[in-house]
Amino acid sequence: MNEASNLFPWEIMWTMKEQLEFWRDEWDGYYSNVLGRPTTLCETMGKAEIWLIRTYWDFEFPRPFLPNFEFVGGLHCQPAKPLPKEMEEFVQSSGEHGIIVFTLGSMVYNLSDEKSNVIAKALSQLPQKVLWRYKGKKPETLGSNTKIYDWIPQNDLLGHPLTKAFITHGGTNGLYEAIYHGIPMVGIPMFADQHDNIAHMVAKGAAVQVDFNTMKTQDLADALNTVIYNSTYKENALKLSKIQHDQPVKPLDRAVFWIEFVMRHKGAKHLRPAAHHLTWYQYHSLDVLAFLFTCTATIVFILFKCCLCCCRRCGRIAKRKKE
């Protein structure tokens, strides 16, 4: 059921396919121009010595990886800094109820009037103060507890002691800032890797997912009340935060080390799998399968010929005896 609920609608998948093809062509041209020879993005990526993965095991599920994969999730996270005076005053006015941080990322500039009013009405029903990063038209149902900003210091707000929940689209950077500060989430994924990211957080017990396309006012309000008043979500978020902080080397330092490692040793060939040097048919063992098929076919053919020869000989012997 969880797998089915995370499938993209066909229209979204088709749009993503077109966008990826467009950017792939752009990057192919860029790298060909820089290197002075025809190449592709896939070919260039295949030659990478080290892969710095922007997740960590507080987010990921256990699975095998190659030795040239290093996890540096949360390398951009840092302790919260003081908020601007006007923003701090608004946050403090929330009292014991605290605040909710809301952003759908830098790529979502606007929403339909219907959708923005659904969201604003849900937020107006809550006792918490809400800081909403939004550049669209002001919703008619906007409550007095909600303040709209063109930009918010997201990391600093998530690290504020009065923050109770984070409404997010599921971008990796925002998720890791919430993990870093131990804030439970309400996920409203929209495209790309966001559905998968939120599914990870839901499985970890630190988030509730809401479907953007079918979301009603009560759906969002219920989701927020769940993560705020059900202490399990906060506890799970704090567990992930402890895992994130309990590392022998900080993610940023680990990323710097491996970049400098590759520079010092002029690569990391000893960590790269030989699969990168195989042709497509070697990689899929098609040459081995072809050899085994040929051997099997040859043996079957020889056995068939032997049986046929024996049958003919036996037939001739039987015929002579009758004569």
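Anchor point for the sequence shown: position 311 equals 780 in our numbering, and the numbering is continuous, going up by one each time. All C-beta atoms, glycine included, are put in the ideal place defined by N, C-alpha and C.
Please confirm whether any heavy atom of the ligand SAM lies closer than 7 Å to the CB of Val-599. Only the bare structure without any ligand can be found here, which leaves the ligand SAM out of the picture.
Less than 8 Å separating the beta-carbons of Glu-529 and Trp-727? No, the pair does not count as a contact, with Cβ atoms beyond the cut-off.
Work out the CA separation of Trp-496 and Val-503 for me, nearest whole Å. Distance between the alpha carbons of Val-503 and Trp-496 is about 10 Å.
Nearest to Ala-464 by CA position, among Gln-687, Thr-641 and Arg-532, is which residue? Missing from the structure shown is residue 464; the chain here goes from 470 to 792 and no further.
Looking at the structure shown, is Tyr-752 part of a helix, part of a strand, or coil, going by DSSP? Reduced to three states, the DSSP call for Tyr-752 is helix.
CB-CB under 6 Å to Met-482, same chain, minus the five flanking residues each way: which ones, in chain order? Because Met-482 carries a pLDDT of 46, less than 50, the predicted location of this residue cannot be relied on, and the following value inherits that uncertainty. Contacts found: none.
Counting only runs of 3+ residues fully inside the segment 624-677, write out the beta strand (DSSP E) ranges in chain order. Every beta strand (DSSP E) stretch that sits fully inside the segment 624-677 and reaches 3 residues is listed by chain position as 632-637 and 654-656.
Simplified DSSP assignment, three categories, for Val-570: Val-570: strand per DSSP, three-state reduction.
Complete runs of the alpha helix (DSSP H) confined to the segment 480-567 [at least 4 residues]: Runs of the alpha helix (DSSP H) spanning 4 or more residues and lying entirely within the segment 480-567 occur at 510-515 and 554-561, in chain order.
Let me confirm a value: Cys-775 is counted as buried when at least 16 other C-beta atoms fall within 10 Å, else exposed. Which label applies? Within a 10 Å sphere around the beta-carbon of Cys-775 sit fewer than 16 other beta-carbons, which makes this residue exposed.
List, from N- to C-terminal side, the alpha helix (DSSP H) runs of 4 residues or more that fit wholly inside the segment 718-779. Correct list: 720-733 and 749-752.
Go ahead and label His-746 buried or exposed: buried means 16 or more other beta carbons lie within 10 angstroms of its beta carbon, across all protein chains shown. By the 10 Å Cβ count, His-746 comes out exposed.
Among the residues of its own chain, which have a CB less than 7 Å from the CB of Lys-633, if the five just before and after it don't count? Listed in chain order, the non-local C-beta contacts of Lys-633 below 7 Å within the same chain comprise Gly-567, Ile-568, Ile-569, Gln-597 and Ile-697, local neighbours out to five positions each way being set aside.
Candidates Leu-644, Gln-687, Gln-547 and Thr-683, of which the one nearest Val-797 by Cα: This structure does not reach residue 797, given that the chain is present from 470 up to 792, and the question cannot be answered.
Judging by CA-CA distance, which residue of Glu-565, Phe-773, Leu-755 and Phe-635 is the nearest neighbour of Leu-693? With distances taken between Cα atoms, Leu-693 lies closest to Phe-635.
Report yes if the C-beta distance between Leu-600 and Ala-690 is below 8 Å; otherwise report no. At the C-beta level, Leu-600 and Ala-690 stay beyond 8 Å of one another.
So within the segment 582-623, which uninterrupted alpha helix (DSSP H) runs reach at least 4 residues, ignoring any that extend past its ends? As for any alpha helix (DSSP H) of minimum length 4 sitting wholly inside the segment 582-623, the runs are 582-593, ordered along the chain.
Ordered along the chain, which non-local residues of its own chain (more than five positions away) have a Cβ less than 8 Å from that of Trp-620? Within the same chain, Trp-620 has close Cβ partners Arg-602.
Helix, strand or coil, according to DSSP, for Gln-716 in the structure here? Gln-716: coil per DSSP, three-state reduction.
So, under 8 Å CB-CB, Val-560 and His-629 are touching, yes? Tell me the CB distance rounded to an integer number of Å. About 6 Å separates the beta carbon of Val-560 from that of His-629, a gap short enough to meet the 8 Å contact definition.
Please classify Lys-685: does DSSP put it in a helix, a strand, or coil? Reduced to three states, the DSSP call for Lys-685 is coil.
Closest residue to Ser-593 among Thr-701, Tyr-702, Leu-611 and Val-577 (Cα-Cα distance): Put simply, of Thr-701, Tyr-702, Leu-611 and Val-577 the residue whose alpha carbon is nearest the alpha carbon of Ser-593 is Leu-611.
Look at Tyr-752 and Ala-759 and say whether their C-beta atoms are less than 8 Å apart. Cβ atoms of Tyr-752 and Ala-759: not closer than 8 Å.
Give me, in chain order, the residues of the same chain whose beta-carbon lies closer than 8 Å to that of Trp-479; leave out the 5 immediate sequence neighbours on both sides. Its pLDDT being 41, under 50, Trp-479 is placed unreliably by the model, and nothing is read from it.
Helix, strand or coil for Ser-710 per DSSP? Helix at Ser-710.
Throw me the rounded Cβ distance for the Ala-589 and Thr-615 pair, which I believe falls under 8 Å. Indeed they touch by this definition, with Cβ atoms about 7 Å apart.
Among Leu-521, Leu-631, Lys-607 and Val-679, which one has its Cα closest to the Cα of Gly-639? Ranking Leu-521, Leu-631, Lys-607 and Val-679 by Cα distance to Gly-639 puts Val-679 first.
Residue burial classification, Glu-646 (beta-carbon count within 10 angstroms, cutoff 16): That one is buried.
Closer than 7 Å by C-beta to Arg-493: which residues in its own chain qualify, once you throw out the five before and the five after it? Chain order, please. Here the set comprises Leu-510.
Can you tell me the Cβ-Cβ gap for Gly-656 and Tyr-702, rounded? I've got them flagged as a contact below 8 Å. No, Gly-656 and Tyr-702 are not in contact; Cβ-Cβ is about 12 Å, not under 8 Å.
Secondary structure of Asp-691, DSSP reduced to three states: In the structure shown, Asp-691 sits in a helix (DSSP, three-state: H, G or I).
Any idea what DSSP makes of Gly-784, helix, strand or coil? Helix, per DSSP.
Buried or exposed for Asn-537, please, with buried defined as at least 16 other CB atoms from any protein chain shown within 10 angstroms of its CB. Classification of Asn-537: buried, given that the 10 Å Cβ count is 16 or more.
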